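Colleague: Next up is a structure, given as structure tokens.
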Amino acid sequence: MTIVAARATTLAILIALTSIPNGVSNTAAASPGPNEVFQIPFTTDLYFGSDEGLVGPDGPWHAALIMTGTHQRASLLDPIDGGPLIPMWPTGSTVAQILTTKGGGKYNLSGSETASAPWGEWGNDGNNIMRLSDSFANEFSEGVGVLDGLTFINLRFEAPGYANVNASIYAMNTSKIVMPDGRSYRPEVGNLGLGRPTDTDFVGESMIQQMKTARLVASNSFALHMGSAALGQKGSLILGGYEENRIIAPVAAIEMQLGVPIIFLTDVFLGVEVGQWPIGDHSTPDEVIWEGTGSDQLGASIAKQFGGSVGSALVTPNPAVPGIYLPPPTCANIAKRLPVTFDAKLGYYLWNANGTAGDAAVMINSDVYIAFVLADTQAQNLTIKVPLKLLNLTLQAPIVETPVAYFPCHDVHTQMEAGYWELGRAFLQATFFAVSYDQNLTFLAQGPGPDYGQSVLQTLKPEDRTLVPSNKTLADTWRAHWKTTTTADILADNNKDESSGLSQGAIAGIAVGAVFGLVLGCAVGWWFWRRRRGQHIKKSQPAELDRGSSQELDGSNNEIQEMGENMVSELGSPIKLHEAPASPEVYEMSAEPLEPEKESKAESEGHNDSPGELS
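Counting from 1, position 604 in the sequence shown corresponds to residue 604 in full-length UniProt numbering; the numbering is continuous, with no gaps.
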């Protein structure tokens, strides 16, 4: 496929990004009035299922909840009766993908009184992959396209409390996610397309536009912060508005084409938010992680065609896929700095449960993050930090027999000859993501940690091109949930290591000191003995004897002289004395005889010098 053809093929899912000045507004915004914002519940809000609303098998996650069919109720005190609750991933696609009862799901297409006749058929061989929904999840399906009613439930306690909308639905009769080893499993969650049909070949109004027309929301917009289900964060999906407390400044406002949010990824690196690197020598790795699009020529060419800098890659946020999908070898480079191991059979990086000194647990609970530097065509950068604690997810059955912790980063070549990569739910746990179809804008910002404070709902009006962020920092919202390694911690660890045992270098130093002390003691003892011996000889010789005349000494004196020469040769070697720290004291020693106390002190000092080599 030529570059021109590739660009034409992917034009429907790529956008050229334009810088929007003043993406953040510091002015106060009015609280939403009646029927201006609509808050969609998540599975954890209504404790959907047997696991208190948690869904998997590669999470835990929480998903948005809708109902199939159309429903009515007389008052807010009455429950909404009718069709079952269906968990869905909210996306910028234009089609809702729902598994039918025929395929093991909950959507009873054959029993629906409001469904149209099929207007399309996809994947007769069971190998249909929907763009912008499940291509990077490796999900394959077959089914038909129909028009049918869906019901949205409003968590806000205001009338009418629900919205009936018409939706383009891909009713899947079969659906499976295929793993690297060839095994497959049926997905638990569908995809909710909140996009604008006029951007594609579909006709009619989008679901949110229908709600705007019915004056149930203020604008054709949605705002999403997935949050961490594992850490107890509530998911946030607001139609016609957003939660101010889910935004940490700055906010990027990015022009869209074809209603699809996509941006340039220009760098990826590891960092520490507050303290020091928690393991090893406590220095933050500075090796290069981001190598651009690498050998993926299509990805490099597509990024260039849309104005990206050399080495940048086109990416799109997509809640329908679980992981973070990047050009090789980005994830491999990250993995070299983390206590993870790649399982080729499963196709996942697994956290090392039995790593050295619990390194995996230390890293996961630290303030270490992976930073993603995103840019538009005007080179305006936004950095999103994803703490490692959000990247400690769990694989469960049917992927594995026993739950295991994994790191959700995947090196992949671009799918479907499209030339882009996707940032899935793992990334969106830490990211605020909103779209205004009225202004043709995508908003991106750093999302908060678990301590995001009280919910503050804001209306996103049709004319708004800015959002109001909270006044919190990332550290404010994470402080109670991670362990920061401080300089004091490092010093305490070093002291603990020194007191708990001696290193090999310390042991070697002590051994050298002990040997030198023994040699020095022998040398001092011999010197003292010879001096005493010399004094005795001096007293026994005639007064006129020249002590420097060796030929006048008797045989016994000659033996002493020979013995002294041999001893000096063996013990006084300059090399040996130079290696030992105390060697200068041999040459500085007083000529006076040593008293017992001084002799003992000299030997003691010779031994005490050796530990100085351990510092």
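Yeah, the Cβ is synthetic: ideal placement off N, Cα and C, and Gly gets one too. Bear in mind the structure is a predicted one, so any value in this text is a computation, not a measurement.
Per DSSP, what kind of secondary structure is Q276 in: helix, strand or coil?
Modeller: strand
Colleague: In whole angstroms, what is the alpha-carbon distance linking P87 and E188?
Modeller: The C-alpha of P87 lies about 8 Å from the C-alpha of E188.
Colleague: On the criterion of 16 or more Cβ atoms from any shown chain inside 10 Å, does P180 qualify as buried, or is it exposed?
Modeller: exposed
Colleague: Could you give the C-beta distance for T70 and G149, rounded to a whole number, given that I count them as a contact under 8 Å?
Modeller: 4 Å
Colleague: Select from H481, S455 and F433 the residue whose C-alpha is nearest the C-alpha of S221.
Modeller: Of the listed residues, the one whose Cα sits closest to S221 is F433.
Colleague: Out of Q233, W421 and T100, which has the shortest C-alpha to C-alpha gap to D451?
Modeller: Q233
Colleague: Let me check one thing: in DSSP terms, what residues is Y242 bridge-paired to?
Modeller: Q458
Colleague: Closest to P469 by CA distance: which of T477, F306 and N245 is it?
Modeller: N245
Colleague: Quick check: what's the CA-CA separation for V95 versus Y437?
Modeller: 16 Å
Colleague: With burial defined as no fewer than 16 other Cβ atoms inside 10 Å of the residue's Cβ, what is the status of D464: buried or exposed?
Modeller: buried
Colleague: Determine the extent of the beta strand (DSSP E) in which I321 is found, giving its start and end residues.
Modeller: Ile is not the amino acid found at residue 321; the sequence shown has Val there. Segment: none, V321 is in no beta strand (DSSP E) and carries neither H nor E.
Colleague: Ignore the nearest five residues each way along the sequence and tell me which others in T44's own chain have a CB closer than 8 Å to its CB.
Modeller: E52, G53, L54, H62, A229, K234 and G235
Colleague: Can you tell me whether E605 is helix, strand or coil according to DSSP?
Modeller: Low confidence applies here, because E605 scores a pLDDT of 44, under 50, leaving its location unreliable and the question unanswered by this model.
Colleague: Would you call the stretch 247–258 and the stretch 439–453 in contact, with 3 or more CB pairs under 8 Å?
Modeller: Taking 8 Å as the limit for Cβ pairs, the verdict is that the stretch 439–453 does touch the stretch 247–258.
Colleague: Does the contact criterion of 3 or more C-beta pairs under 8 Å hold for the stretch 403–421 versus the stretch 339–353?
Modeller: yes
Colleague: Do N318 and G240 have their beta-carbon atoms positioned less than 8 Å apart in this structure?
Modeller: With a cutoff of 8 Å on beta-carbon distance, G240 and N318 are scored as not near each other.
Colleague: If you draw a straight line from the C-alpha of Q429 to the C-alpha of V268, how long is it?
Modeller: 17 Å
Colleague: Considering only residues of the stretch 165–218, which uninterrupted beta strand (DSSP E) runs meet the minimum length of 3 residues and lie entirely inside it, listed in chain order?
Modeller: Qualifying beta strand (DSSP E) stretches, in chain order: 190–193.
Colleague: Straight-line CA distance for L147 to E205?
Modeller: 12 Å
Colleague: Tell me, which residues are paired with Q39 by DSSP?
Modeller: Beta-bridge partners of Q39 (DSSP): I238.
Colleague: Return the first residue and the last residue of the alpha helix (DSSP H) that T101 is part of.
Modeller: T101 -> no alpha helix (DSSP H), and no H or E assigned at all.
Colleague: Going by DSSP in three states, M363 sits in which element: helix, strand or coil?
Modeller: helix
Colleague: So, for R186: in the same chain, excluding its five sequence neighbours on each side, which residues have a beta-carbon less than 7 Å away from its beta-carbon?
Modeller: G104, S175 and K176
Colleague: Tell me the residue span of the alpha helix (DSSP H) that contains I334.
Modeller: T330 to A335
Colleague: Roughly how many angstroms lie between the CA atoms of L298 and G419, to the nearest whole one?
Modeller: Cα to Cα, L298 sits roughly 5 Å from G419.
Colleague: At what residues does the beta strand (DSSP E) containing Q446 begin and finish?
Modeller: L441 to Q446
Colleague: Helix, strand or coil for D554 per DSSP?
Modeller: Unreliable positioning characterises D554 in this predicted model, as indicated by a pLDDT of 42, which lies under 50. The coordinate reading is nonetheless provided below. The three-state reading of DSSP puts D554 in coil, since its state is none of H, G, I, E or B.
Colleague: Could you check if D296 is buried or exposed, using at least 16 other CB atoms within 10 Å of its CB as the buried criterion?
Modeller: buried
Colleague: Given this structure, state the Cα-to-Cα distance separating H282 from Q276, to the nearest angstrom.
Modeller: Using only the alpha carbons, I get a separation of about 6 Å.
Colleague: In its own chain, which residues sit with a C-beta less than 6 Å from the C-beta of T477, not counting the 5 before and 5 after it?
Modeller: P448, G449, D451 and Y452
Colleague: Expressed to the nearest angstrom, what Euclidean distance is found between the alpha-carbon atoms of residue 623 and T213?
Modeller: Outside the displayed span of the chain (1 to 615) sits residue 623, for which this structure offers no information.
Colleague: Alpha carbon to alpha carbon, how far is F372 from T293? Give it in angstroms, no decimals.
Modeller: 15 Å
Colleague: Which of helix, strand or coil does DSSP assign to S470?
Modeller: strand
Colleague: Just mark Y170 as buried or exposed, buried being the case when its beta carbon has 16 or more other beta carbons within 10 Å.
Modeller: Buried is the label assigned to Y170, since at least 16 other Cβ atoms lie within 10 Å of its Cβ.
Colleague: Measuring only the C-alpha atoms, how far is N173 from T100?
Modeller: 6 Å
Colleague: I need the straight-line Cα distance from L460 to A218, nearest angstrom please.
Modeller: 7 Å
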